[in-house]
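Residue numbers (the numbering used here), protein chains in the order written: chain A, 1 to 224; chain B, 1001 to 1238; chain C, 2001 to 2248. Don't be surprised by glycine CBs; every beta carbon is placed ideally from N, CA and C. Because the structure is a prediction, the values reported are computed rather than measured. Single-structure report; data block below.
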């Protein structure tokens, strides 16, 4: 167990340090996210009535697609630069490597999601500074990162990684997307645990199942 | 019975496959007779003659889901046992399932548009059908883009297993979503009560598609098995 | 220099014991029925033309590649069932440096020290840097270093956890004279400390001079194997050249 935590923590710290220094993933993903938000601003008339209906959907479309961009880089960089072997050679379990990568991917996604709060506020008068929304976003992001990190390990080894990751990822996390949009809708509408809670529990159940599944499958995916 | 696939493969021999194909063809012809002759003509609300597509749509959707189950099961066994036969089963089921799901989606759309003025009903069943179709396509594309066949087999097995694990979540979420957002339509997915002729025709059609699935899987598995044996022999010679 | 932790590993008679090792990548065989034994404190030189299976053999030993058939035992641990223990026993220098461009040499080694769970990591990192002569540029990012400098840090990375078996895949690439001398002294120090070395190389003379055993691979099969005392540079060269001509 100590090995597991040690490996995961070392990899997480390394990823965060590298990201803080180069900012290459966050800047690309954040730029993309802002562009998406702007395009939505012109795609329809952002009047309060319409935003109330499509707002949650826009938020999660933006989060999902920027998330895909970020998740692709999780393993693409390691693999292209040859450092993935270094992680696989260490005397820590594959589950440990997965855990470290999962947490660093999720962290970057959460940072970008939070950075978009002011953008949504300004463009659509959509206020996401809300505890319930925070919880839904946290649970959903973990769900995305769990599945996305695993599929990123597959996609990174192929020629068609930009296409393959969304194709594999989206059908599986569809429940999380539905849950996140519905939960966001309820959170923004001001409903408390009664309605948000149902979706939150649903997403957390998904997270738990796929965390275990992804952790187990990681070794099979990386084996040569 | 001469087995063209050879003793080491576990795929069905040529004789067995020919028998299966024969039975499947016979069953299919009987099914057509039942669908167009025995089954009653439907009401205006359900589209009259167009409604007969129901006997293609529902069985293909069900058999598609069964094929997904077979593929996921084969995938699990492959990751555990690492023998070729399980991978062949999973792969052939994925291919057959993709074709069968495509039939389900196409027939669903053809039926839905004139009768319900929508191309697809996003209820729990409809969403699940569509999602599994996408997972199957992802399965096949993963194998196509993998650097080696072995890694492709392993990755695809993981994809199939993930798809299977997601099924209950997709069903629940889609059900809730449909309940909140769309009017309940007695659409292609609704069961309701069936007259006995409709019921028997439906069951027989289900059997027909089951045979179709079996034929596709048997042929594809045998073909792959032979390809693999040729490859092994070629390697031993060089 | 100290090159291995003496209080680790079981009492294994041999550093490496391989029998019937076979591996195929999607139908193309890379290794066919390879047998090999290596004792403690010994060095093995691995020869063969490109594509003969040298890298695959080394990568199988360091647990990056999973064998299809055969038994592979490293420092007494089974390669398949005890992979994590094997990883703690082996050190690897491959074609890729396994170092992060945007981190300094010191930061890279500290990261790996953490991954390997090395006690008193900072001190060990400083020692490793000194052993490969990298202290002077330890605070510069890997991105700005020359190939030779990067290779030195890569060697330090491989030795950081004091492995009992060091595996080098064509390590001379990119090394200047000073680097080559460092490589020689590292290999000799590792052997002197009771650990073993497997090195693949295209330089038959250098390999022969450093090694106790040689192994020549030809499209995955063993073409020649034996102690350096029982063969000659000429015989090895003929085996390597002969296989390439036969294959072309």
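Proximity to residue i [Cα-Cα], best of the options
i, options, result
"residue 2177(C)", "2196(C), 2168(C) and 2148(C)", "2148(C)"
"residue 2249(C)", "2233(C), 2013(C) and 2193(C)", "The question about residue 2249(C) has no answer, for chain C in this structure spans 2001 to 2248."
"residue 2102(C)", "2144(C), 2079(C) and 2057(C)", "2144(C)"
"residue 1031(B)", "1218(B), 1224(B), 1231(B) and 1204(B)", "1204(B)"
"residue 131(A)", "58(A), 36(A), 200(A) and 217(A)", "200(A)"
"residue 1067(B)", "1196(B), 1201(B), 1151(B) and 1129(B)", "1129(B)"
"residue 66(A)", "51(A), 80(A) and 112(A)", "112(A)"
"residue 2185(C)", "2136(C), 2174(C), 2209(C) and 2142(C)", "2209(C)"
"residue 1147(B)", "116(A), 154(A) and 146(A)", "154(A)"
"residue 1100(B)", "1233(B), 1217(B) and 1234(B)", "1217(B)"
"residue 1234(B)", "2029(C), 2014(C), 2021(C) and 2012(C)", "2029(C)"
"residue 2032(C)", "2093(C), 2220(C), 2016(C) and 2240(C)", "2220(C)"
"residue 60(A)", "85(A), 14(A), 110(A) and 82(A)", "110(A)"
"residue 135(A)", "121(A), 173(A) and 186(A)", "186(A)"
"residue 1180(B)", "195(A), 173(A), 146(A) and 212(A)", "195(A)"
"residue 83(A)", "2096(C), 2080(C) and 2079(C)", "2096(C)"
"residue 2026(C)", "1038(B), 1109(B), 1094(B) and 1149(B)", "1149(B)"
"residue 2196(C)", "2163(C), 2227(C), 2137(C) and 2141(C)", "2163(C)"
"residue 1105(B)", "1092(B), 1126(B), 1094(B) and 1086(B)", "1126(B)"
Cβ neighbour criterion (16 or more within 10 Å) applied to residue i
i, result
"residue 127(A)", "exposed"
"residue 157(A)", "buried"
"residue 1209(B)", "buried"
"residue 1049(B)", "exposed"
"residue 2249(C)", "Beyond the ends of chain C as shown, which are 2001 and 2248, falls residue 2249(C); an answer cannot be given."
"residue 2035(C)", "exposed"
"residue 1228(B)", "buried"
"residue 23(A)", "exposed"
"residue 1187(B)", "Residue placement at residue 1187(B) is poorly supported in this model, since its pLDDT is 47, which falls under 50; the coordinates are not used for a value here."
"residue 1043(B)", "exposed"
"residue 1051(B)", "buried"
"residue 1230(B)", "exposed"
"residue 1133(B)", "buried"
"residue 1026(B)", "exposed"
"residue 85(A)", "buried"
"residue 121(A)", "exposed"
"residue 193(A)", "exposed"
Euclidean distance between Cα positions of residue i and residue j
i, j, result
"residue 2007(C)", "residue 2045(C)", "Confidence at residue 2007(C) is low in this model, with a pLDDT of 41, below 50, so its placement is unreliable and the value that follows should be read with caution. For residue 2007(C) and residue 2045(C), the distance between alpha carbons rounds to 27 Å."
"residue 1082(B)", "residue 1153(B)", "10 Å"
"residue 1118(B)", "residue 1015(B)", "46 Å"
"residue 2225(C)", "residue 2215(C)", "4 Å"
"residue 1211(B)", "residue 2074(C)", "52 Å"
"residue 207(A)", "residue 1158(B)", "17 Å"
"residue 45(A)", "residue 2153(C)", "58 Å"
"residue 141(A)", "residue 53(A)", "22 Å"
"residue 1018(B)", "residue 1223(B)", "14 Å"
"residue 1214(B)", "residue 219(A)", "33 Å"
"residue 2175(C)", "residue 1013(B)", "59 Å"
"residue 2161(C)", "residue 2049(C)", "32 Å"
"residue 124(A)", "residue 49(A)", "11 Å"
"residue 11(A)", "residue 1156(B)", "27 Å"
"residue 1198(B)", "residue 1041(B)", "10 Å"
"residue 1189(B)", "residue 1036(B)", "Low confidence applies to residue 1189(B): its pLDDT is 46, below 50, so where it sits in the model is not reliable, and the reading given next is rough at best. The alpha-carbon atoms of residue 1189(B) and residue 1036(B) are separated by roughly 21 Å."
"residue 16(A)", "residue 1088(B)", "42 Å"
"residue 2106(C)", "residue 2179(C)", "19 Å"
Residue i and residue j closer than 9 Å at C-beta
i, j, result
"residue 1071(B)", "residue 1160(B)", "yes"
"residue 178(A)", "residue 1144(B)", "no"
"residue 93(A)", "residue 2084(C)", "yes"
"residue 1206(B)", "residue 1114(B)", "no"
"residue 2023(C)", "residue 2060(C)", "yes"
"residue 1074(B)", "residue 1090(B)", "yes"
"residue 2187(C)", "residue 2019(C)", "no"
"residue 1122(B)", "residue 1039(B)", "no"
"residue 1202(B)", "residue 1078(B)", "no"
"residue 1163(B)", "residue 171(A)", "yes"
"residue 2168(C)", "residue 2158(C)", "yes"
"residue 2151(C)", "residue 2093(C)", "yes"
Partners in chain D for residue i, counting only beta-carbon separations shorter than 9 Å
i, result
"residue 1175(B)", "Judged by its chain identifiers, the structure shown contains no chain D, and its protein chains are A, B and C."
Three or more C-beta pairs below 8 Å linking the stretch 160-167 of chain A and the stretch 207-224 of chain A: no
Three or more C-beta pairs below 8 Å linking the stretch 97-108 of chain A and the stretch 144-161 of chain A: yes
Meets three-Cβ-pair contact criterion under 8 Å: the stretch 154-161 of chain A and the stretch 62-80 of chain A: yes
The stretch 2113-2131 of chain C in contact with the stretch 2055-2072 of chain C per 3-pair CB rule at 8 Å: no
The stretch 2082-2097 of chain C contacting the stretch 82-93 of chain A, beta-carbon criterion three pairs below 8 Å: A contact exists between the stretch 2082-2097 of chain C and the stretch 82-93 of chain A.
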